[in-house]
Amino acid sequence: MLLIMALVLLTYQKENAAPSSRKQKKSGGKRCKDCIQVRVTNPLNPTLPAISARNLKERAIVTFDYHTVSIPGGIPDNIMEVRCSKTCRGHEMDMNAVPIRRSIPYLKKEKNIYVLKEMTVTVGCTCVYPDIKEQKMT
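Mature numbering (1 follows the signal peptide of the UniProt record, and there is no 0) puts the sequence shown at residues -17 to -1, 1 to 121.
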């Protein structure tokens, strides 16, 4: 839902907005000329089976845990982030665990309006071979 809401806010510009039948609302004592009204419905289908995090953790080559990043006054108010271990397990023990990072959009309340912001969080882990560089002997 958050991703769809952010994409709508990023791509839906004022000049493409349909005129609202309601009067413009005041924001901070002034008329909000650049404001648009966006309605987002929940696109998730609750009847579809969700992927079990436990099942992923058991099958993964990199061990990881989830932790919650709190965003006071934000929508959403919490974002889940992955913490990767430093090593890989199984046949890939000679590999290094590397985090996969992504910018996640969220809305942050500032004064009387919500502002679109981004936070970079770790969303997954992968195993890579170490980058070995040979030193030249002089």
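Cβ coordinates follow ideal geometry from the N, Cα and C atoms, glycine included.
- Using a C-beta cut-off of 8 angstroms, the segment 94 to 113 makes contact with the segment 72 to 81, since at least three inter-stretch Cβ pairs fall below that distance.
- A check of alpha carbon separations from TYR97 across VAL52, ASP60, GLN118 identifies ASP60 as the nearest.
- In the DSSP assignment, ASN79 falls within the beta strand (DSSP E) that extends over 79 to 93.
- By the C-beta density criterion, TYR49 is exposed, having fewer than 16 other C-beta atoms within 10 angstroms.
- If you compare the alpha carbons of ASP114, LYS100, CYS18 with that of SER86, the shortest gap goes to LYS100.
- DSSP lists ILE83 as the bridge partner or partners of GLY107.
- Judged by beta-carbon spacing, ARG66 lies within the 8 angstroms limit of PHE47, meaning their Cβ atoms are closer than that value.
- Between VAL52 and VAL104, the CB-CB gap stays under 8 angstroms.
- Shown here, GLU41 sits in a helix according to DSSP, grouped into three states.
- For ARG66, the enclosing beta strand (DSSP E) begins and ends at 61 to 71.
- The beta carbon of ILE58 lies closer than 6 angstroms to those of LEU90 in the same chain, with the five residues before and after it left out.
- Going by beta carbons, MET102 and ILE62 fall inside the 8 angstroms limit.
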